[in-house]
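A.B. asks: Mind having a look at this structure? Questions to follow.
Protein chains: 2
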Amino acid sequence: MNDAATRENAGTRRSVSRAIEIVDTLARRGSLGVTDLAGVLDLSKSTVHAYLKTLEQSGYVVRDGEKYALGYELSLLGESVRNQSQLYQIARDEIDDLAAETGLYAHLTVVENGRGVNLYQAKGEDVGRYDYQTEKIQRPEPLHVTATGKAILASLSRERVESILDRHGLPQRTPHTITDRDALFEELAAIDERGYAYNDEEEVEGFRAVGAPICGQDGEVLGALSASGPTSILRGDFFREETRDAVTRTANLIEVTITMSNTFPSNS
Amino acid sequence: MNDAATRENAGTRRSVSRAIEIVDTLARRGSLGVTDLAGVLDLSKSTVHAYLKTLEQSGYVVRDGEKYALGYELSLLGESVRNQSQLYQIARDEIDDLAAETGLYAHLTVVENGRGVNLYQAKGEDVGRYDYQTEKIQRPEPLHVTATGKAILASLSRERVESILDRHGLPQRTPHTITDRDALFEELAAIDERGYAYNDEEEVEGFRAVGAPICGQDGEVLGALSASGPTSILRGDFFREETRDAVTRTANLIEVTITMSNTFPSNS
DNA sequence: TTAACTGTTCGCATATACGGAATAATACTC
DNA sequence: GAGTATTATTCCGTATATGCGAACAGTTAA
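In order, the protein sequences belong to chains A and B. All residue numbers for the first sequence refer to our numbering, where the first residue is 7 and numbers rise by one. All residue numbers for the second sequence refer to our numbering, where the first residue is 7 and numbers rise by one.
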């Protein structure tokens, strides 16, 4: 009866996958009615309705007239996930300062499943006009195309990097993206040497960045941060020296704060 | 076989509720192992394992050695929920400015299921020491205990307010909380009259706030914003005049921006 | 009034989720 | 380093929760 090739999903809860599919669909397409949703997912209306009713009971979904949409409960949940990260709690304010000081974008990135996730971002004065965060969901990026990603990769063991590359490859984003393994390892060695990474239009054309890793007291990398902006702003000495100094200084500050906070736990 | 009183959950997907229970548990207690989770939820290990495996496939859950934790994917999802709100996108920067200008906390609040959800918050210089956001999950608050909540209630029809009160009552948070319906309606009339709301230690002792509603072009209330801080800072004229002016000015600015942006849709 | 939409409820056949026991993969003890 | 607790994970038979289609109930349009 069952088609073959269904062994991949053995031992999983199908209805949970379906529910998540519904949530993801609502995240991508905004609010939808039962009929539309049933059409998109190729399920019967009654089935979709049952899922929505269940999700509504938990507050993950709210009814908006004839449409269903994701609830702000999910937004709070997402924030609580971030707050479980000590790095996020500590680095947040510093990222704000970095953006204010440089006038650029500032990002805090961590690794999940071998890709880079931006945990936090702030926007400086000088880049107010450029709104490049157009997508509704900011998808995790491969590590080799960003300054933060390369900074992190440079701090990992060769084996870890190899295994990540095996999993995700070296997809090309712009003509400047590093797509050759050997070239990447050379670059990573240089980054590890000097302690910071450049991204010269390797992810988005017209965008540059400087990134630095953030390490815990045992030397293991916790994440990375970067300052970025359009090439019209980020050029010459400002790019190579001023911005770089601000980035490495901020990274060091965060490292010290984390070490302090783990060595002398404050309250409660 | 089935206990009675199970008719409430008729037509819902039980496994989805279970999955959400698992997610919520992980949000509250941080990362947990399969055995612990099975103990907490009173399910068998094999069952919990199957759920976790399913959630892991979607990125909602990640393995952290022997433990399972919520993945940052959820964090991105939460952010995308907020980004679906035009109010959030527009008000965000203004809230930052308000916090910077007043040196206080600044909040953006909307209503969901009759309670107030803080969509965004910023922290000013003067309140840097007071970290009152200690809870892992910031739960939705009843509307009558906050400045934003009262500002919103004051902009709703009497019937809407009544129905909200019927649902959630008037729980007391501090000795100053308004717990009487008539007193609340009097206060709401005054707020509607003057256009802004005060919160004088009605939610948290030692904390004051000024809030103002944000309305769309049809006059319907979209949400509210507030500036808040400890009584040691927020007192006298600074509380009653300066802060109030900054709050109402910001609210007006956001209203204008929203109207503009809906009247002359920019790009795409 | 009819027609064409919605979202919602119901009942039945069957796919599927559950728990318990067996297994694998760890970390501790002596 | 053998033995003993821990884990997490897999396997299966049965009970049941699930998914579909069809009927129902509201709304809007013509």
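Glycine included, each C-beta is placed from N, C-alpha and C at the ideal position.
(1) By DSSP, does residue 202 (chain B) sit in helix, in strand, or in coil?
(2) Apart from the five residues on each side of it in sequence, which residues of its chain come closer than 8 Å, Cβ to Cβ, to residue 164 (chain A)?
(3) Is there contact between the region 14 to 34 of chain B and the region 245 to 252 of chain A, where contact requires at least three CB pairs shorter than 8 Å?
(4) Note down, in chain order, every chain B residue with its Cβ under 7 Å from the Cβ of residue 178 (chain A).
(5) DSSP three-state label for residue 94 (chain B), please.
(6) Can you give the Cα-Cα distance for residue 257 (chain A) and residue 194 (chain A), rounded to whole angstroms?
(7) Quick one: using the 10 Å Cβ neighbour count with 16 as the cut-off for buried, is residue 267 (chain A) buried or exposed?
(8) Please say whether residue 197 (chain A) and residue 230 (chain A) have beta carbons closer to each other than 7 Å?
(9) May I have the straight-line CA-CA distance separating residue 61 (chain B) from residue 67 (chain B), to the nearest angstrom?
(10) Shortest alpha-carbon distance to residue 175 (chain A) belongs to which of A:82, A:134, A:148 and A:152?
(11) If you follow the alpha helix (DSSP H) that residue 22 (chain A) is part of, which residue opens it and which one closes it?
(12) Could you work out which residues of chain A lie near residue 59 (chain B), taking near to mean beta carbons separated by less than 8 Å?
(13) If you compare alpha carbons, which of B:34, B:18, B:46 and B:25 is closest to residue 82 (chain A)?
(14) For residue 130 (chain A) and residue 109 (chain A), which I take to be in contact (beta-carbon distance under 8 Å), what is that distance rounded to the nearest angstrom?
(15) Any beta-carbon of chain B closer than 7 Å to the one on residue 21 (chain A)?
(16) Going by C-alpha to C-alpha distance, which of B:180, B:178, B:153 and B:188 sits closest to residue 168 (chain B)?
(17) At 8 Å on the CB atoms, spell out the chain A contacts of residue 81 (chain B), in chain order.
(18) Expressed to the nearest angstrom, what Euclidean distance is found between the alpha-carbon atoms of residue 162 (chain A) and residue 237 (chain B)?
(19) Which full runs of the alpha helix (DSSP H) of 4+ residues lie inside the region 162 to 250 of chain B, going along the chain?
(20) Residue ranges of each alpha helix (DSSP H) run of no fewer than 4 residues wholly in the region 103 to 159 of chain B, ordered along the chain?
(21) Give the range of the beta strand (DSSP E) segment to which residue 74 (chain A) is assigned.
(22) Given a threshold of 16 other Cβ atoms within 10 Å of its Cβ, counted over all protein chains shown, does residue 233 (chain B) qualify as buried or as exposed?
(23) Taking 7 Å as the threshold (beta carbon to beta carbon), is residue 259 (chain A) in contact with chain B?
(24) Pull up the distance between the alpha-carbon of residue 223 (chain B) and that of residue 44 (chain A), whole angstroms please.
(25) Sort B:124, B:211, B:270 and B:119 by Cα distance to residue 172 (chain B) and report the nearest one.
(26) Can you tell me where the beta strand (DSSP E) with residue 48 (chain A) in it begins and where it stops?
(27) Quick one: which residues of the region 23 to 41 of chain A get their C-beta closer than 7 Å to a C-beta of chain B? List them in chain order.
(28) Between residue 78 (chain A) and chain B, is the shortest Cβ-Cβ distance under 7 Å, so that the two count as touching?
(29) Determine, using beta carbons only, whether residue 118 (chain A) comes closer than 7 Å to chain B.
(30) Among all the DSSP beta bridges, which residues are the ones paired with residue 38 (chain B)?
(31) Does the beta carbon of residue 64 (chain B) sit closer than 7 Å to a beta carbon anywhere in chain A?
(32) I'd like the list of long-range same chain contacts for residue 72 (chain B), defined as Cβ closer than 8 Å, with 5 residues on each side in sequence excluded.
(33) Cα-Cα, which of B:133, B:105 and B:97 is closest to residue 125 (chain B)?
(34) In terms of alpha-carbon separation, which member of B:225, B:265, B:260 and B:215 lies closest to residue 242 (chain B)?
C.D. replies: A quick look at the data gives this:
(1) Taking the second sequence and counting its residues from 1, the one referred to as residue 202 (chain B) is at position 196. Residue state for residue 202 (chain B) is assigned as coil, using DSSP reduced to three classes.
(2) Here residue 164 (chain A) refers to the residue found at position 158 when the first sequence is read from its first residue. Contacts found: 191.
(3) Three or more Cβ pairs closer than 8 Å define a contact, and the region 14 to 34 of chain B falls short of that threshold against the region 245 to 252 of chain A.
(4) Numbered from its first residue, the first sequence carries residue 178 (chain A) at position 172. Here the premise fails: no neighbours, minimum Cβ distance about 23 Å.
(5) Residue numbering aside, residue 94 (chain B) sits at position 88 when the second sequence is read from its first letter. Here DSSP, grouped into helix, strand and coil, assigns residue 94 (chain B) to helix.
(6) Taking the first sequence and counting its residues from 1, the one referred to as residue 257 (chain A) is at position 251. Taking the first sequence and counting its residues from 1, the one referred to as residue 194 (chain A) is at position 188. Approximately 18 Å, taken between the alpha carbons.
(7) Against the first sequence, residue 267 (chain A) aligns to sequence position 261. That one is exposed.
(8) Against the first sequence, residue 230 (chain A) aligns to sequence position 224. Against the first sequence, residue 197 (chain A) aligns to sequence position 191. Taking 7 Å as the Cβ cut-off, residue 230 (chain A) and residue 197 (chain A) do not qualify as a contacting pair.
(9) Reading the second sequence from its first residue, position 55 is the one you call residue 61 (chain B). Reading the second sequence from its first residue, position 61 is the one you call residue 67 (chain B). One C-alpha to the other measures close to 5 Å.
(10) As a first step, residue 175 (chain A) is located in the first sequence; it is residue number 169 there, counting from the start. When each option's Cα is compared against that of residue 175 (chain A), the closest is A:148.
(11) On the first sequence, residue 22 (chain A) is found 16 positions in, with the first residue counted as 1. Counting along the chain, the unbroken alpha helix (DSSP H) around residue 22 (chain A) starts and ends at 20 to 35.
(12) The sequence position of residue 59 (chain B) within the second sequence is 53, counting from 1. Against chain A, the beta carbon of residue 59 (chain B) has neighbours under 8 Å at 17 and 18, listed in chain order.
(13) Position 76 of the first sequence, counted from the start, is the residue given in the question as residue 82 (chain A). When each option's Cα is compared against that of residue 82 (chain A), the closest is B:34.
(14) The sequence position of residue 130 (chain A) within the first sequence is 124, counting from 1. The sequence position of residue 109 (chain A) within the first sequence is 103, counting from 1. About 4 Å separates the two Cβ atoms, so the contact holds.
(15) In the first sequence, the residue the question calls residue 21 (chain A) occupies position 15. Interface with chain B (7 Å Cβ-Cβ cutoff): residue 21 (chain A) is included.
(16) The residue given as residue 168 (chain B) occupies position 162 in the second sequence. Considering only alpha carbons, the answer is B:188.
(17) Taking the first residue of the second sequence as 1, we reach residue 81 (chain B) at position 75. Close partners of residue 81 (chain B) in chain A (Cβ separation under 8 Å): 84, 85, 87, 88, 123 and 125.
(18) Numbered from 1 along the first sequence, position 156 holds the residue referred to as residue 162 (chain A). Numbered from 1 along the second sequence, position 231 holds the residue referred to as residue 237 (chain B). The alpha-carbon atoms of residue 162 (chain A) and residue 237 (chain B) are separated by roughly 49 Å.
(19) The region 162 to 250 of chain B contains these whole alpha helix (DSSP H) runs: 164 to 174 and 187 to 200.
(20) Uninterrupted alpha helix (DSSP H) stretches at least 4 residues long and entirely within the region 103 to 159 of chain B do not occur.
(21) Within the first sequence, residue 74 (chain A) is the residue found at index 68, counting from 1. Its beta strand (DSSP E) spans residues 73 to 76.
(22) Counting from 1 along the second sequence, the entry for residue 233 (chain B) is found at position 227. Counting of Cβ neighbours within 10 angstroms places residue 233 (chain B) among the buried residues, the total reaching 16 or more.
(23) Sequence index remark: in the first sequence, residue 259 (chain A) carries index 253 (1-based). Chain B, which has no Cβ nearer than 7 Å to the Cβ of residue 259 (chain A), makes this no.
(24) Taking the first residue of the second sequence as position 1, residue 223 (chain B) is located at position 217. Taking the first residue of the first sequence as position 1, residue 44 (chain A) is located at position 38. When the Cα atoms are used, residue 223 (chain B) and residue 44 (chain A) turn out to be separated by approximately 34 Å.
(25) Here residue 172 (chain B) is taken as the residue at index 166 of the second sequence, counted from 1. Answer by Cα proximity: B:119.
(26) Numbered from its first residue, the first sequence carries residue 48 (chain A) at position 42. That residue, residue 48 (chain A), is in no beta strand (DSSP E); it is neither H nor E in DSSP.
(27) Of all residues in the region 23 to 41 of chain A, 23, 25, 26, 33 and 36 have a Cβ within less than 7 Å of some Cβ in chain B.
(28) Locating residue 78 (chain A) in the first sequence gives position 72, counting from the first residue. It does: the Cβ of residue 78 (chain A) has a partner Cβ on chain B nearer than 7 Å.
(29) Taking the first sequence and counting its residues from 1, the one referred to as residue 118 (chain A) is at position 112. Yes, residue 118 (chain A) counts as interfacial toward chain B.
(30) In the second sequence, counting from the first residue as 1, residue 38 (chain B) sits at position 32. B:74, per the DSSP bridge assignment.
(31) Within the second sequence, residue 64 (chain B) is the residue found at index 58, counting from 1. Closer than 7 Å to some Cβ of chain A, the Cβ of residue 64 (chain B) qualifies, so yes.
(32) Locating residue 72 (chain B) in the second sequence gives position 66, where the first residue counts as 1. If we look at residue 72 (chain B) and ignore the five residues flanking it on each side, its Cβ neighbours are 39.
(33) Along the second sequence, one-based indexing puts residue 125 (chain B) at 119. When each option's Cα is compared against that of residue 125 (chain B), the closest is B:97.
(34) Stepping through the second sequence from its first residue, residue 242 (chain B) is reached at position 236. It is B:215.
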